[in-house]
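Accompanying notes for the structure given below.
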Amino acid sequence: MSFWQNIPSYFSSEYYTFWVVSIGAGIICFGAGIVGTFSYLRKRALLGDVISHAVLPGVAISFMLTGVKNPLYFLIGATTSGILSIWLVDYIHSKSKLKPDTIMALTLSVFFGIGIVLLTKIQHSGNAAQSGLDSFLFGKAASMTLQDVITFSVIALINTLCIAVFLRAFSMISFDEEYAKSLGFNIKIIKSFLALLTVITVAIGIQSVGIVLMAALLITPASGARFLTNSIKKMLIYAGIFALLSGFTGVIISSSGTAMPTGPWIVVVLSSFTIFAIFFGKEKGVIARMRIRRSNNLKINNENTLKKLYKLSEERKESIHVDQLSDIQSSAQLKTTLKRLEKKQILSQVKGTIILNEKGKIAAREVIRKHRLWEIYLSKYFQLDKDHLHDDAEGIEHVITPEIEKHLITLLDRPEKDPHQSEIPY
Amino acid sequence: MAIPIIEAHNLTVLYGRKPAIWNIDFKLPEGQVIGIMGPNGSGKSTLLKSIMGVVTPTTGYTKVYDQELNQVRHKVSYVPQRQEIDWDFPASVWDIVSMGRFHVRGLFKRLTSEDNDIIQESLEKVNMLGFAKRQISQLSGGQQQRVFLARAIAQQGELFLMDEPFAGVDIATEEMIVDLLKEMKGQGKTLVIVHHDLHTAQSYFDHLVLMNTRLVACGKTSDVFTDQILTDTYGGKLTTISKISQELENKEFPIRHQ
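From first to last, the protein sequence lines stand for chains D and A.
Per our numbering, residue 1 is the first one in the first sequence, and the count goes up by one each step.
Per our numbering, residue 1001 is the first one in the second sequence, and the count goes up by one each step.
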């Protein structure tokens, strides 16, 4: 039976645990997504990787000391060695000339190496309770017990609340640490608190996605959310929602078939969200930028046509035939451009004859004015031969905004003639 | 001199083993526009940061209004160097300027309508009210500088420490800042400004601190802006001091034998 045919039965009581696990994974990912937003904003993406690899020895040691697989003990061990790794990175940074990326790569591998050594030692110790410890590497959300999930969710929620309460502090140190310090805030405490939240989040998160993919859980939601908004609050919300849905969906997908890993699926879903955001984000997204480029092209076509029409009408003082415009655009393009301009009620067309009306003439004069102002500006302020001015102005005339035009007119003292002695139409 | 507004005593800041500023002593008068000048890497920003408590001095101390900075911090506004900040941060102009009220409201309390009025006035002062909702990454260099000034004004301090406010701004902004400085001086405020353009120094500043890791001169602009002192600051001594610093760093000598 396929996944889709199974859907109704997923709501029966035997799937109770399944729902708890998927919701639990969602909440854990949510916590990671919003804490990770600050790692992203503070440009500490790699630090997430360091912490997640560095918690392994902590997990191993806590098992060696207690001999049981208790998630709370793991959490304590993981948090301790995670904090130790951050402290080590900072310490080496302050005492040596090594670059941050080198220090982080070193710390990461040293901790991870020790972790793997300890893990191997445990596996060969003959303790039956150890089986499944290696699932920390890739996560084991689907096999988590109900009790684990509840514990983690509670901690993730506390984490989230802390971020809501300390939003101002965390935003301030992410934007400008030194200014925050100049206001008299205790930056060290704020930074340590944020670091602690990050470590706890990582320690919880690796239980669902594993060490290797944990950094993705911190950084990917934020990097997708950044494409969608320019507000830090909205960014946190989007990152949280992305992560929540990914955790939830990841568990559903992975449990729909045998031998489907949970952690990797969560990350795959998360990455799809981010790719989606990269394409469809407003302002910054690929599609939005394509749209802007397209509308710029239309504007350029419009303005070039207007300019040509205006010049022709000045020469002949009468109506113009379409054929006279054939040198500026291909005939198909010209046809759509003219239609657009007709829609804007700037000109009218009758059987191939074009009449530019008053509104059109004003618009055309504006383009010509900008062109000539730019030529004057270039020749006045830069060493540029006269025959180079025109080409430059052909491009820039479309870019000049009304404010820049006003600025140019004041700067150039409302000139009458351009360098080629043509009049400036005001 | 009456009570100096800023006093530095034996101030030294080491980055690693290399001194950024070295045994600096000076007193600055209240109510004036004061320039801190020196060549690149001469420790101007570090000096400002150590007065502001952003950098902890290795030895020595600074006093503001003859007190510990923490006693009078509410009177002091800091304008960091614009280039040190990532302006692609998701925040609006309003968000940034409202940071200037956080020292009053702390980390948790909401800003009041009084705060909002102050933020609005501060934006008006730098002609940026129309940009209040603008995303900061869309600002020009001059506009970014205005936002930082507005944030400092919103703190409603008496003493302003500004790090290179004229660097990389347009002419209009430079003129606006100069006018603003005059206006603030007229209100009895003290302005300490890190600056690097020698041409404008005489017209902008009443008082000058000329430094090159060590203090070269500190006094009225008319007294210290002389060819001899400028040569001392920007010329020969530079190489000697930086050679010594290099030795200290490379050969692990201590700056002082204890």
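For glycine and all other residues, C-beta sits at the position ideal for the given N, C-alpha and C.
(message) For chain A, check one thing: does any of its Cβ atoms lie closer than 8 angstroms to the Cβ of Y426 (chain D)?
(response) Your numbering for residue 426 (chain D) matches position 426 in the first sequence. Cβ-Cβ to chain A under 8 angstroms: no for Y426 (chain D).
(request) Look at M1211 (chain A) and I1024 (chain A) and say whether their C-beta atoms are less than 8 angstroms apart. (result) For the purposes of this step, residue 1211 (chain A) is identified with residue 211 of the second sequence, where counting begins at 1. For the purposes of this step, residue 1024 (chain A) is identified with residue 24 of the second sequence, where counting begins at 1. Their beta carbons are under 8 angstroms apart, which means M1211 (chain A) touches I1024 (chain A) by this criterion.
(request) Tell me whether G352 (chain D) sits in a helix, a strand or coil according to DSSP, three-state version. (result) Taking the first sequence and counting its residues from 1, one reaches residue 352 (chain D) at position 352. G352 (chain D) falls in the coil class under three-state DSSP.
(request) Pair every Cβ in the segment 371-391 of chain D with every Cβ in the segment 322-335 of chain D, then say whether three or more of these pairs are closer than 8 angstroms. (result) no
(request) Would you give the residue range spanned by the alpha helix (DSSP H) that W265 (chain D) belongs to? (result) As a first step, residue 265 (chain D) must be located in the first sequence, where it is residue number 265. T262 to F280 is the extent of the alpha helix (DSSP H) around W265 (chain D).
(message) Under 8 angstroms, with one C-beta from each stretch per pair, do the segment 211-227 of chain D and the segment 51-60 of chain D reach the 3-pair mark?
(response) As far as the Cβ criterion goes, the segment 211-227 of chain D touches the segment 51-60 of chain D, which means the pair count is three or higher.
(message) Which of the three DSSP states is assigned to A195 (chain D) in this structure?
(response) For the purposes of this step, residue 195 (chain D) is identified with residue 195 of the first sequence, where counting begins at 1. Reduced to three states, the DSSP call for A195 (chain D) is helix.
(message) Using a Cβ-Cβ cutoff of 9 angstroms, what residues of the segment 27-58 of chain D are near chain A? List them in chain order.
(response) L41 and K43
(message) I want to see whether chain D comes within less than 8 angstroms of F1225 (chain A), judged by CB atoms only; does it?
(response) Counting from one through the second sequence, the residue named residue 1225 (chain A) turns up at place 225. Taking Cβ atoms only, chain D never reaches closer than 8 angstroms to F1225 (chain A), which makes this a no.
(message) I need the DSSP call for H321 (chain D), collapsed to helix, strand or coil.
(response) The sequence position of residue 321 (chain D) within the first sequence is 321, counting from 1. If DSSP states are grouped into helix, strand and coil, H321 (chain D) belongs with the strands.
(request) Please go through the same chain and pick out, in chain order, the residues whose beta-carbon is closer than 8 angstroms to the beta-carbon of V202 (chain D), but skip the five residues on each side of it. (result) Taking the first residue of the first sequence as 1, we reach residue 202 (chain D) at position 202. The beta carbon of V202 (chain D) is closer than 8 angstroms to those of A32, G48, I51, S52, V55, A78, G82, M214 and L218 in its chain, skipping five residues each way along the sequence.
(request) Quick one: which residues of the segment 147-167 of chain D get their C-beta closer than 8 angstroms to a C-beta of chain A? List them in chain order. (result) V165 and F166
(message) How far does the alpha helix (DSSP H) with Y381 (chain D) in it extend, from its first residue to its last?
(response) For this step, residue 381 (chain D) is matched to residue 381 along the first sequence. Residues E358 to Y381.
(message) Counting only C-beta atoms, is P1165 (chain A) closer than 8 angstroms to chain D at any point?
(response) Here residue 1165 (chain A) refers to the residue found at position 165 of the second sequence. Cβ-Cβ to chain D under 8 angstroms: no for P1165 (chain A).
(request) Please state if the CB of T1173 (chain A) and the CB of Q1145 (chain A) are separated by a distance shorter than 8 angstroms. (result) Taking the first residue of the second sequence as 1, we reach residue 1145 (chain A) at position 145. Taking the first residue of the second sequence as 1, we reach residue 1173 (chain A) at position 173. Yes; because the gap between Cβ atoms is below 8 angstroms, this pair is in contact.
(request) Identify the contact partners of M1052 (chain A) in chain D, using a Cβ-Cβ distance below 9 angstroms as the criterion. (result) Residue numbering aside, residue 1052 (chain A) sits at position 52 when the second sequence is read from its first letter. Residues of chain D passing the Cβ test: E178, K181 and S182.
(request) Could you list which residues in chain D have their beta carbon closer than 7 angstroms to that of T1135 (chain A), in chain order? (result) Counting from 1 along the second sequence, the entry for residue 1135 (chain A) is found at position 135. The sequence as given places Gln at residue 1135 (chain A); Thr does not occur at that position. Correct list: N230.
(request) Inspect the beta-carbon positions of N230 (chain D) and Q1135 (chain A) and report whether they are closer than 8 angstroms. (result) In the first sequence, residue 230 (chain D) corresponds to position 230, counting from 1. In the second sequence, residue 1135 (chain A) corresponds to position 135, counting from 1. In this structure, Q1135 (chain A) lies closer than 8 angstroms to N230 (chain D) by Cβ.
(message) Given this structure, state the Cα-to-Cα distance separating F1225 (chain A) from L1208 (chain A), to the nearest angstrom.
(response) Reading the second sequence from its first residue, position 225 is the one you call residue 1225 (chain A). Reading the second sequence from its first residue, position 208 is the one you call residue 1208 (chain A). Straight-line Cα distance between these residues: approximately 8 angstroms.
(message) If the criterion is Cβ atoms closer than 8 angstroms, does the pair L347 (chain D) and L309 (chain D) meet it?
(response) For the purposes of this step, residue 347 (chain D) is identified with residue 347 of the first sequence, where counting begins at 1. For the purposes of this step, residue 309 (chain D) is identified with residue 309 of the first sequence, where counting begins at 1. Yes, the Cβ-Cβ distance between L347 (chain D) and L309 (chain D) is below 8 angstroms.
(request) Kindly identify the DSSP beta-bridge partner or partners of L1028 (chain A). (result) Locating residue 1028 (chain A) in the second sequence gives position 28, where the first residue counts as 1. L1028 (chain A) is bridged to A:I1006.
(request) Note down, one range per segment and in chain order, each alpha helix (DSSP H) of at least 4 residues found wholly within the segment 1193-1255 of chain A. (result) 1198-1204, 1221-1224, 1227-1234 and 1237-1251
(request) Using a cut-off of 7 angstroms between C-beta atoms, extract the partners of A288 (chain D) located in chain A. (result) Working through the first sequence from its first residue, we reach residue 288 (chain D) at position 288. Within chain A, no residue comes near A288 (chain D); the closest Cβ sits about 14 angstroms away, beyond 7 angstroms.
(request) Could you have a look at Q1135 (chain A) and say whether DSSP puts it in helix, strand or coil? (result) As a working note, residue 1135 (chain A) is residue 135 in the second sequence. Strand, per DSSP.
(request) Closer than 7 angstroms by beta-carbon distance: list the chain A residues that pair up with M235 (chain D), in chain order. (result) The sequence position of residue 235 (chain D) within the first sequence is 235, counting from 1. P1090, listed in chain order.
(message) Is there a C-beta anywhere in chain D that falls below 8 angstroms from the one on R1073 (chain A)?
(response) Position 73 of the second sequence, counted from the first residue, corresponds to residue 1073 (chain A). Chain D, which has a Cβ nearer than 8 angstroms to the Cβ of R1073 (chain A), makes this yes.
(message) Rounded to the nearest angstrom, what separates I76 (chain D) and T102 (chain D) at their Cα positions?
(response) On the first sequence, residue 76 (chain D) is found 76 positions in, with the first residue counted as 1. On the first sequence, residue 102 (chain D) is found 102 positions in, with the first residue counted as 1. Rounded to the nearest angstrom, the two C-alpha atoms are 28 angstroms apart.
(message) Quick check: the Cα distance between L69 (chain D) and F38 (chain D), rounded to an integer number of angstroms?
(response) Along the first sequence, read from residue 1 onward, the residue named residue 69 (chain D) stands at position 69. Along the first sequence, read from residue 1 onward, the residue named residue 38 (chain D) stands at position 38. For the sequence presented, residue 69 (chain D) should be read as Lys rather than Leu. Distance between the alpha carbons of K69 (chain D) and F38 (chain D): 31 angstroms.
(request) With DSSP as the reference, label Y40 (chain D) as helix, strand or coil. (result) Numbered from 1 along the first sequence, position 40 holds the residue referred to as residue 40 (chain D). Helix, per DSSP.
(request) At 7 angstroms on the CB atoms, spell out the chain D contacts of F1160 (chain A), in chain order. (result) Residue 1160 (chain A) sits at position 160 when you count from the first residue of the second sequence. Ordered by position in chain D, no residue passes the 7 angstroms Cβ test against F1160 (chain A), which lies about 11 angstroms from the chain.
(request) In angstroms with no decimal places, state the Cα-to-Cα distance between L106 (chain D) and Q1156 (chain A). (result) As a first step, residue 106 (chain D) must be located in the first sequence, where it is residue number 106. As a first step, residue 1156 (chain A) must be located in the second sequence, where it is residue number 156. Rounded to the nearest angstrom, the two C-alpha atoms are 46 angstroms apart.
(message) Please classify D418 (chain D) as buried or exposed, where buried requires at least 16 neighbouring CB atoms within 10 angstroms.
(response) Locating residue 418 (chain D) in the first sequence gives position 418, where the first residue counts as 1. It is buried - the Cβ of D418 (chain D) has at least 16 other Cβ atoms within 10 Å.
(message) Just checking D413 (chain D) against the ligand MG - is the residue's beta carbon closer than 7 angstroms to any of the ligand's heavy atoms?
(response) Absent from the structure shown: the ligand MG. Ligands present: none.
(message) Let me see if you follow: with CB-CB separation under 8 angstroms, is Y1015 (chain A) close to chain D or not?
(response) Here residue 1015 (chain A) is taken as the residue at index 15 of the second sequence, counted from 1. It does not; no Cβ of chain D falls within 8 angstroms.
(request) Tell me whether the beta-carbon of I204 (chain D) lies closer than 8 angstroms to the beta-carbon of F152 (chain D). (result) Here residue 204 (chain D) is taken as the residue at index 204 of the first sequence, counted from 1. Here residue 152 (chain D) is taken as the residue at index 152 of the first sequence, counted from 1. Their beta carbons are under 8 angstroms apart, which means I204 (chain D) touches F152 (chain D) by this criterion.
(request) Sort A:Q1081, A:E1121 and A:S1077 by Cα distance to F1102 (chain A) and report the nearest one. (result) Here the question's residue 1102 (chain A) lines up with position 102 in the second sequence. Ranking A:Q1081, A:E1121 and A:S1077 by Cα distance to F1102 (chain A) puts A:S1077 first.
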